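J.: Chains as they are written, first to last, in the numbering used here: chain A, 11 to 357; chain B, 8 to 280; chain C, 8 to 280; chain D, 1471 to 1741. C-beta: ideal position from N, C-alpha, C; glycine also. Since the structure is predicted, the reported quantities are computational estimates derived from the model, not experimental observations.
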Amino acid sequence: MHMADALVSPAVGGAFWAVAAGTIAYCSSRVRKDLDDRKVPLMGVLGAFVFAAQMINFTIPATGSSGHLGGGLLLAILLGPAAAYLTIASVLMVQALFFADGGLLALGCNMFNLGVFPAFIAYPFIYKKLVGREPRQARMVTASIIAAVVALQFGSLGVVLQTVASGVSVLPFNAFLLLMQPIHLGIGVVEGVVTALVVSFIYQARPDILENVLQEKPLGNMPTKSLLAVFLIATVLIGGVLSWFASENPDGLEWSIAKITGSAELPETEYMEHTKLANLQEKTSILPGYALPEENGHSQDAARTATDKRVGTSLSGIIGGTLTLVICTVIGVLLKRRNSANPQQAK
Amino acid sequence: MSHHIVHVKNLQHTYPDKTVALRDVSFLIHHGESVGIIGANGAGKSTLLLHLNGYLSATSGEIIIGDDQLSKETLPEIRRTVGMVFQDPEDQLFMPTVYDDVAFGPLNLGLSADETETRVMEALQRVGAVELRDKPPYHLSGGEKKRVAIATVLSMLPEILVLDEPTNGLDPQARRQLIALLQAFHHTRIVTSHDLDMILELCERTIVLHEGKIMADGPTLDIFNNEELLKTCRLEKPFAMQGCPVCSPDKRPLVSQPPLVPPHSSKPHDHEH
Amino acid sequence: MSHHIVHVKNLQHTYPDKTVALRDVSFLIHHGESVGIIGANGAGKSTLLLHLNGYLSATSGEIIIGDDQLSKETLPEIRRTVGMVFQDPEDQLFMPTVYDDVAFGPLNLGLSADETETRVMEALQRVGAVELRDKPPYHLSGGEKKRVAIATVLSMLPEILVLDEPTNGLDPQARRQLIALLQAFHHTRIVTSHDLDMILELCERTIVLHEGKIMADGPTLDIFNNEELLKTCRLEKPFAMQGCPVCSPDKRPLVSQPPLVPPHSSKPHDHEH
Amino acid sequence: MLAIDGSFLDFKQLDLLALRQTPVHRLDPRAKVLTTLCFIICVVSFDRYQISAMLPFLIYPAVLMAVGDLPFGYIMRKIVIVIPFALMIGLFNPIFDRQVLMQIGSLDIWGGWISCISILIRAILTASAAIILVAITGFPAICEALEKLKMPQTFAVQLLFLYRYIFVLTDEGVRTARARQLRTFGKRGLGIRHFGSLVGHLLLRTWERAERIHMAMLARGFAGEIHSTRRQSHFGRTELLFMGGWISLFILLRLYNAPQLLGGLFTGTMP
Ligand SMILES: Nc1ncnc2c1ncn2[C@@H]1O[C@H](COP(=O)(O)OP(=O)(O)OP(=O)(O)O)[C@@H](O)[C@H]1O
Ligand SMILES: Nc1ncnc2c1ncn2[C@@H]1O[C@H](COP(=O)(O)OP(=O)(O)OP(=O)(O)O)[C@@H](O)[C@H]1O
Ligand SMILES: [Mg+2]
Ligand SMILES: [Mg+2]
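(1) Taking a Cβ distance cut-off of 7 Å, strictly less, list which residues of the stretch 107-124 of chain C are near chain D, in chain order.
(2) In terms of alpha-carbon separation, which member of B:G73, B:T54, B:I72, B:D74 lies closest to B:T66?
(3) Is the shortest distance between the beta-carbon of B:D141 and the beta-carbons of chain D less than 8 Å?
(4) Just to confirm, is the Cβ distance from D:D1567 to A:V178 under 8 Å?
(5) Between which residues of its own chain and B:P143 is the CB-CB distance below 8 Å, once the five residues before and five after are set aside?
(6) One question on the structure: do D:L1561 and A:S100 come within less than 8 Å of each other, judged by their Cβ atoms?
(7) Does the distance from the C-beta atom of C:H14 to that of C:L35 stay below 8 Å?
(8) How would you label A:N184, buried or exposed, when you count the other beta carbons within 10 angstroms and need 16 or more for buried?
(9) Strictly under 8 Å for the Cβ-Cβ distance: is D:F1692 near chain B by that measure?
(10) Using 10 angstroms around the beta-carbon of A:A157, count the other beta-carbons present and answer buried if the total reaches 16, otherwise exposed.
(11) Do A:V170 and A:T33 count as a contact pair if the criterion is CB distance below 8 Å?
(12) For B:E138, count neighbouring C-beta atoms within 10 Å of its own C-beta (all shown protein chains included) and say buried if the count is 16 or more, exposed if not.
(13) By Cβ distance, which residues of its chain are closer than 6 Å to D:N1446, with the 5 residues on each side in sequence left out?
(14) So what's B:K25 in DSSP terms, helix, strand or just coil?
(15) Where do the ends of the beta strand (DSSP E) carrying D:D1578 lie?
(16) Am I right that C:H11 and C:T195 are in contact with their C-beta atoms under 8 Å? What's the rounded C-beta distance?
(17) Starting from D:A1686, find everything on chain C with Cβ-Cβ shorter than 8 Å and list it in chain order.
(18) Hey, A:G112 and A:H194: beta-carbon distance below 8 Å or not?
(19) Any heavy atom of ligand 1 closer than 7 Å to the beta-carbon of B:S53?
(20) Do the stretch 190-210 of chain A and the stretch 49-59 of chain A touch if we need at least three Cβ pairs shorter than 8 Å?
(21) From this set, A:E144, A:R149, A:A28, A:A63, which residue's C-alpha is nearest D:M1621's C-alpha?
(22) With 8 Å set as the bound, which would you pick, yes or no: does the beta-carbon of D:T1640 sit closer than that to a beta-carbon of chain B?
(23) Taking 7 Å as the cut-off, is the CB of C:D1 close to at least one heavy atom of ligand 3?
(24) On the DSSP letters alone, give me the boundaries of the beta strand (DSSP E) that B:S41 sits inside.
(25) Please compile the residues from chain D whose C-beta is within a distance smaller than 8 Å of the C-beta of A:I48.
(26) What would DSSP say about C:L100, mapped onto helix, strand or coil?
(27) Please find out if some non-hydrogen atom of ligand 1 comes closer than 7 Å to the beta-carbon of A:D44.
(28) Going by C-alpha to C-alpha distance, which of C:L147, C:T239, C:K238, C:L216 sits closest to C:V42?
(29) Chain C partners of D:L1487, CB-CB under 7 Å?
(30) What do you reckon, is the C-beta of B:T26 under 7 Å from a heavy atom of ligand 1?
(31) For C:Q171 and C:Q94, I'd like the C-alpha separation in whole angstroms.
(32) Which residues, taken in chain order from the stretch 237-249 of chain B, show a beta carbon closer than 7 Å to some beta carbon of chain C?
(33) For A:I87 and D:V1627, I'd like the C-alpha separation in whole angstroms.
(34) Kindly identify the DSSP beta-bridge partner or partners of C:D281.
(35) Could you check whether the Cβ of D:T1654 sits closer than 8 Å to any Cβ belonging to chain B?
(36) Based on DSSP bridge pairs, tell me the residues matched to C:I221.
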């Protein structure tokens, strides 16, 4: 499940952008050092393969619903961690741009959730360990399923933490967790089974493909360890801090962006906005303080006060909003008309 | 109404990206006919074929197969009746073994394992691929793949066989075998190809598509003798009709190259262009 | 030694899975020659071509291109000399625009942006694709793709042009254009194809491969007149040499089907098979 | 999630839009990428109860769609597809957040409803920004811009190859899915066992294609490095004007709630 721009705050989105970009830089240098230039087209084409495979749905036994391949773990098995991460990241980027699936700001979150976990945790620490040096089909099947489940559990935990930390949704941490983890347990099992089926098919048809990666030295266990430590620390820090926030504010109500970012930026702008508005309104409005609900107005919280103030201006908000919409549309239509009247510009 | 006719009436197809691939295409094909559909790259041949078994649905117009108009209800029956062989056999062979692949259709039709077995063996026999039954498709040669792809369709006992560029990539002998195989069928056959010599051998009747329109529909030889028509549609006479370089070496179409080897004879044919 | 010869001596190739694809292949091709390599599916044609620019390395035997024996050191130079056009242009056009694609080779050769620009425009001009320069390859038609694929190779100014099944999937007119294009080159050309009519038009000399061995090597017409040889190698005469069904309808090779339409004439040719 | 042929065609169409020649298409891609990012950050930085202040941001997609000559219906359809996930999460807001923020007559409006609508507007704004960016820039140009903005070359090359072969491989996938569908007689989807083999075949073909591409690259002197061609895009005065203009507008709109001001004037001056 992709994290969406609409649910993410700039702080969370930005932080994960930084992590994802750092990982991309790290993996790029690893892949370059690898000196296996066969990988250049291979990674690209496998990324495209993920899109192709996702167009083919299958029926999930006993449920009647349908699913498709996610591909993260499969890519790691075929390419090794660093190349797999770059491939997944590129797939997510295309999804963000072309299908607006996820979104640009949430891209970092998605790369983290769907790329780091399968490539740097599930593959090296679960799949590889379980399969061992000599791949055998039965082991590969078990290993794929377990690894996929773990990767998806981490991934969905990531979505929960990022969403809750962003504070746009008010879903409480616990409820969200209860919603997401079981669903992704199911998705993980399915993903694991599908990955296992594909891997065993390839094992029968072209065993060399799988052996090459397993034998591969430079991208194996050792060099990823330091990177992994960084990730673990980052995860624990981000996760710990965020879940602390989450449990601190179980209903998520009084918990606003101002608090998470810890900066005065937002309240300040709001303050400016409201003093200005208040001045303006005093002079012009006949409906000052319209519809201010009093029943739970005893909160001392700064964000809350800001909220109350805002509510007072909601009527003008509604009128102004409608006007804004009209203005935007009119500008668009006017520009469009001028544009199509200009024949050499329209192709 | 007549048995297993294919009746296309005023078929139009516009792809979602606004490419108009078919414009007002109409024809009627009777049972047992063997019809070639030819045209340049992008003329709309494949698009037309995909309508015949309801994979694409018409933007306007209608299609009648046998006694049924193509619609949501008749779709399964029509897909059983119309067997479709794609250009690239790779697209069509996706099961672990040849046997599984040929059995896929019958099993989906709800046949028992025994019936399926009979059907599969029959189909494999007809295309001469019985000994391949347990091989995985990715280890087959091009010609073998093609034959198995045809078997996957034959096992559903279609009454109408539709083939998109069946001879593409085959060597001359595999091509020859395929043509012989197709000639031995008594199904209705609808074949598209750029291999006009194959069309010449296999089909009594030919439909010429050009930019989504039917430009001609008639006896194959008449069509191939109409040079004007062929030229407009970016086509050429089949090579066999272009005059052999042995007997008319200076009549090679479009090429102004001196003969490479002294000609053996020089009967003046007149298959110019 | 001679300029830009291609000399293959006792070439053997065994794939890792123990398939022996080439057995003791030897030939010598001189500068400016145009040579066809024909054979059934799996005869080893593509395998042979892949040796000529060192993508596959010989299990035994040697290859000399120009004055250099193919080896690790001479590889870059040989890859520049031998321009290779693969069968599927999709595999060959991998950059975002036609321009980038044609510039890929020159840039790898270390040319400056200006020199590259000149080379690219020259190559595009030769294949008549200048106006495509900024298009992405996936928006090109089949024939356009093929021409651009050839331009990607021409921009490296190769002395030897190697083409694997260049006419596959093209409509008759696009095929005709391609042949004219290839005829206009004065490079050495080595072409494989199942389109024997194209070989007949394009190549003075033909090498016949069969199960990895050279079965014949000589003037194209001689080879195509040797029916015995063609039959052993799973080949056929080019259609243009098989006699036109209009004038000799009952002489169609291998097929015992009555003429579909009354023949227009009936000169007794004798291209029996 | 992706319906078979539809999404593929969609993809192609979006790509074709980028080939148009309008003033915004001609801008340096870096300007467009940075402006889009700035737009998204400004939009998502509003707090969760904000609705009216976000509305003026619609001006950006509206203007670009108009100047870029983009088909409105098509862009809207693409946006509608992505809203469900955000909305699904957003719909929990009214359940958990019942604080009454507003009353219209006797009707209590809960904070949850407001934040849910806010999420919806965010989704529309951010999704349209991303899609419009692709439609007026084109994917390869975006990659190029990112590369100039210090994205590692390995990743840029990865993106280009991925993008190039999406068209080829989805086409292959579509044809395979089609061949399967024609023999399943209306049964929905396929069993998970067959899926493994079908996707396995697709993967094998993909792998072999990668080998052929690599061959073609080597044949043209590839030695591990992709050299980029010279491109005439330059960051000139127009780009500065475009970026500067929009970004200052975004900041202004972020700082001042324009509809509120407008509405305030309105309610104030209409006795
Ligand atoms: N999925 C699609 N979306 C949009 N346009 C398409 C699609 N498939 C085909 N077309 C277009 O429709 C037209 C007809 O295509 P079609 O594949 O039917 O041609 P064809 O006659 O089979 O060509 P060929 O000989 O190359 O196989 C072409 O212009 C093609 O570009
Ligand atoms: N990568 C490979 N691994 C193992 N065997 C191979 C491989 N590629 C080809 N072969 C085998 O080598 C032989 C020669 O194949 P090649 O592709 O050279 O034939 P070809 O003459 O080009 O055939 P076609 O006309 O079908 O293109 C065949 O038997 C083929 O199965
Ligand atoms: Mg077609
Ligand atoms: Mg070959």
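T.: On the basis of the data shown:
(1) D107, A110, F111, G112, L114, N115, L116, A120
(2) B:T54
(3) no
(4) no
(5) P103, T104, V105
(6) no
(7) yes
(8) exposed
(9) no
(10) buried
(11) no
(12) exposed
(13) The requested residue 1446 of chain D is not part of the displayed model; chain D covers only 1471 to 1741.
(14) coil
(15) 1577-1580
(16) 6 Å
(17) M91, F93, D98, Q99, F101
(18) no
(19) yes
(20) no
(21) A:A28
(22) no
(23) Because chain C is modelled from 8 through 280, residue 1 of chain C falls outside the range shown and cannot be assessed.
(24) 41-45
(25) It is Arg, not Ile, that sits at residue 48 of chain A in the sequence shown. Those within 8 Å of A:R48 in chain D are A1680, E1681, H1684.
(26) coil
(27) no
(28) C:L216
(29) Neighbours of D:L1487 on chain C: none; closest Cβ ~12 Å, over 7 Å.
(30) yes
(31) Just to set this straight, residue 171 of chain C is Asp in the shown sequence, not Gln. Cα to Cα, the separation comes out at about 5 Å.
(32) R241, L242, E243, P245, F246, A247, M248, Q249
(33) 21 Å
(34) Lying outside 8 to 280, the shown extent of chain C, residue 281 of chain C is not represented and no answer is given.
(35) yes
(36) C:L216
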